[in-house]
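S.K.:
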Ligand code: PGA
């Protein structure tokens with residue numbers, strides 16, 4: 027595992043964005059796996075800057091997002107569709123038909139999971155997958171206890187995840203109880219993984235994930251088994267290494 031500790035959040039955002047930008051420059055038809063949450067916002071800003079200032083070209087890339095809430099519409103401001111439009115897609119020259127985010131508003135979530143997996147296979151798999159990490163070690167919405175063999179599926183959010191994400195909603199009661207999440211096995215099939223964490227509050231789980239026992243109780247610990255992971259942390263999130 028390649029671990030890169032940055033002094034500042036801004037430096038981390040730049041390094042992570044550069045890693046993706048360099049990959050896109052070498053392989054213009056890259057298949058990117060993308061994450062939401064507070065952590066990657068700065069990295070997306072930096073990618074937008076590279077698009078505007080250095081002609082970074084998104085026109086041939088394909089994207090797959092890790093997850094989406096079930097039961098809220100694409101247009102809901104807290105949907106991950108809305109997040110991705112606001113934080114990246116509306117500001118770069120990506121082709122809308124190359125964007126794949128699970129449809130949480132569907133009548134048949136199970137079918138949606140199957141077709142999401144199929145689409146990933148059709149394009150030959152994910153080249154570079156971006157991941158954040160939850161305080162409980164989740165990756166995507168794969169909460170503690172999720173089998174490492176899981177593929178894209180309907181998952182129930184834990185109380186701690188609902189609490190963490192309630193900051194985006196009017197109240198915790200408005201946070202959806204379920205989501206569609208890319209599976210752990212699906213994530214592990216990505217050719218390269220970028221794991222990003224920021225802040226003191228992620229230090230303990232990062233230490234457990236990277237150096238603790240490999241166990242479904244800490245979903246991110248599975249990444250110790252992946253051959254090509256680069257970890258980007260600020261010095262606070264890396265303070266227990
Ligand atoms: P955060 O979420 O970036 O908002 O901390 C990360 C996650 O839950 O995976």
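In this note's numbering, the protein residues as written are 27 to 267.
For every residue, glycine included, the Cβ atom is placed at its ideal position computed from N, Cα and C.
It should be emphasised that the depicted structure is a prediction, and the values quoted were computed from it without experimental measurement.
Does DSSP put residue 37 in a helix, in a strand, or in coil?
M.R.: Taking the chain shown and counting its residues from 1, the one referred to as residue 37 is at position 11. Helix, per DSSP.
S.K.: For the region 131–196, which segments carrying the alpha helix (DSSP H) assignment without a break, of at least 4 residues, lie completely within its bounds, in sequence order?
M.R.: Correct list: 135–148 and 185–191.
S.K.: CB of residue 66 to nearest heavy atom of the ligand PGA: below 8 angstroms?
M.R.: Against the chain shown, residue 66 aligns to sequence position 40. Yes, the beta carbon of residue 66 sits closer than 8 angstroms to at least one heavy atom of the ligand PGA.
S.K.: Anyone know if the C-beta pair for residue 66 and residue 156 falls short of 9 angstroms?
M.R.: Sequence index remark: in the chain shown, residue 66 carries index 40 (1-based). Sequence index remark: in the chain shown, residue 156 carries index 130 (1-based). Yes, they are a contact pair.
S.K.: Less than 8 angstroms between the CB of residue 235 and some heavy atom of the ligand PGA, yes or no?
M.R.: In the chain shown, the residue the question calls residue 235 occupies position 209. For the ligand PGA, not one heavy atom lies less than 8 angstroms from the Cβ of residue 235.
S.K.: Leaving out the 5 sequence neighbours to the left and right, which residues in its chain are closer than 7 angstroms to residue 203 when beta-carbon positions are compared?
M.R.: Looking up residue 203 in the chain shown gives position 177. Excluding residues within five positions, the ones whose Cβ falls inside 7 angstroms are 182 and 183.
S.K.: Could you give the first and the last residue of the continuous alpha helix (DSSP H) run that contains residue 122?
M.R.: Residue numbering aside, residue 122 sits at position 96 when the chain shown is read from its first letter. Looking at the DSSP string, residue 122 is not in any alpha helix (DSSP H), and its letter there is neither H nor E.
S.K.: Using a Cβ cut-off of 9 angstroms (strictly closer), state whether residue 208 contacts chain D.
M.R.: Annotation note: the requested chain D is absent from the structure, which comprises a single protein chain.
S.K.: Assuming residue 72 is part of the alpha helix (DSSP H), what are its boundary residues?
M.R.: Position 46 of the chain shown, counting from 1, holds the residue named residue 72. Counting along the chain, the alpha helix (DSSP H) containing residue 72 begins and ends at 67–80.
S.K.: CB residue 174 to CB residue 211, shorter than 9 angstroms?
M.R.: The residue given as residue 174 occupies position 148 in the chain shown. The residue given as residue 211 occupies position 185 in the chain shown. Cβ atoms of residue 174 and residue 211: closer than 9 angstroms.
S.K.: Can you check whether the CB of residue 201 is closer than 9 angstroms to the CB of residue 192?
M.R.: If you number the chain shown from 1, residue 192 lands on position 166. If you number the chain shown from 1, residue 201 lands on position 175. In this structure, residue 201 lies closer than 9 angstroms to residue 192 by Cβ.
S.K.: Residue 59: beta carbon under 8 angstroms from a heavy atom of the ligand PGA?
M.R.: Counting from 1 along the chain shown, the entry for residue 59 is found at position 33. Not so, every heavy atom of the ligand PGA lies at least 8 angstroms from the Cβ.
S.K.: Report the partner residues of residue 113 according to the DSSP bridge assignment.
M.R.: Counted from its first residue, the chain shown places residue 113 at position 87. Looking at the DSSP assignment, residue 113 forms no beta bridge with any residue, so it has no partner.
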